[in-house]
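Some notes on the structure that comes next.
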Amino acid sequence: MPRPIRVLVAKPGLDGHDRGAKVIARALRDAGMEVIYTGLRQTPEMIVNAALQEDVQVIGLSILSGAHNAIVPRVIGLLREKEMADVKLVVGGIIPDEDAAELKRQGVAAIFQPGASLEEIVNFIRGAVPA
Numbered sequence: 443m444p445r446p447i448r449v450l451v452a453k454p455g456l457d458g459h460d461r462g463a464k465v466i467a468r469a470l471r472d473a474g475m476e477v478i479y480t481g482l483r484q485t486p487e488m489i490v491n492a493a494l495q496e497d498v499q500v501i502g503l504s505i506l507s508g509a510h511n512a513i514v515p516r517v518i519g520l521l522r523e524k525e526m527a528d529v530k531l532v533v534g535g536i537i538p539d540e541d542a543a544e545l546k547r548q549g550v551a552a553i554f555q556p557g558a559s560l561e562e563i564v565n566f567i568r569g570a571v572p573a
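The sequence shown maps to residues 443 to 573 in my numbering.
Structure follows, in C-alpha cells:
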C-alpha cells in the first residue's frame, strides 16, 4: 500500500485568521493525506524545521496578511539551504496576480486564491507528488 502524502499546513506571520487553513487541512485529511497543522504565527524557520522533522512532501502556507512577498521567499530560501528542494510549496490566500506570478517564478508550485475549490487543491497536490 502506498504511503499517504504528508502535508504541513502553516499560518505564517501575524495573521490570526485560521479558519480557511483548518478547512483545507480537513479536506486534505478527508482525501487520505496525513496533515500536520502547525497553528498560528509561525516563522519561516519554524515552518521549514517542522517540515523537515515531519518528513513532509508538501508545505501549504495560508497567508492573508499581505506579507507573502517577505515570508514566501524566506521559506523558499530555507528549503534550499536544508536541501529540501523536492518539497512542494503551495500558497493560499489573498495574493495579487502580479505577486502570484513572481512567487511561482521563485519556486512556488501553486497559488490558490479566494474561490479555489477544495477539489482543485486536493487534485493539484495529488498530481504534484510522485506516487
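All C-beta atoms in this analysis are idealised placements derived from N, C-alpha and C, irrespective of residue type, glycine included.
Applying the criterion that 16 or more other CB atoms from any shown protein chain within 10 Å of the CB defines a buried residue, is residue i buried or exposed?
i: S559; result: exposed
i: Q495; result: exposed
Please state if the CB of residue j and the CB of residue i are separated by a distance shorter than 8 Å.
i: F554; j: I563; result: yes
i: V498; j: R461; result: no
i: I478; j: I489; result: no
i: H510; j: I466; result: no
i: A463; j: V451; result: yes
i: I574; j: Q484; result: A query on residue 574 cannot be resolved here, the shown segment of the chain reaching from 443 to 573 and no further.
i: M526; j: A493; result: yes
i: G458; j: L482; result: yes
Spatial neighbours of residue i within its chain, please: CB distance less than 8 Å, with the 5 preceding and 5 following residues excluded, ordered by chain position.
i: I513; result: P454, G455, P486, L503 and I505
i: S476; result: Just to set this straight, residue 476 is Glu in the shown sequence, not Ser. Answer for E476: P446, I447, R448 and V449, listed in chain order.
By Cβ distance, which residues of its chain are closer than 7 Å to residue i, with the 5 residues on each side in sequence left out?
i: A575; result: Past the boundaries of the shown model lies residue 575; the chain is included only from 443 to 573, so the question cannot be answered.
Could you give the C-beta distance for residue i and residue j, rounded to a whole number, given that I count them as a contact under 8 Å?
i: A573; j: P446; result: Actually they do not touch by this definition, with Cβ atoms about 11 Å apart.
Taking only three categories from DSSP, how would you classify residue i?
i: I567; result: helix
i: E603; result: Because the chain spans 443 through 573 in this model, residue 603 falls outside it and cannot be assessed.
i: G462; result: helix
i: K546; result: helix
i: Q484; result: strand
i: G455; result: coil
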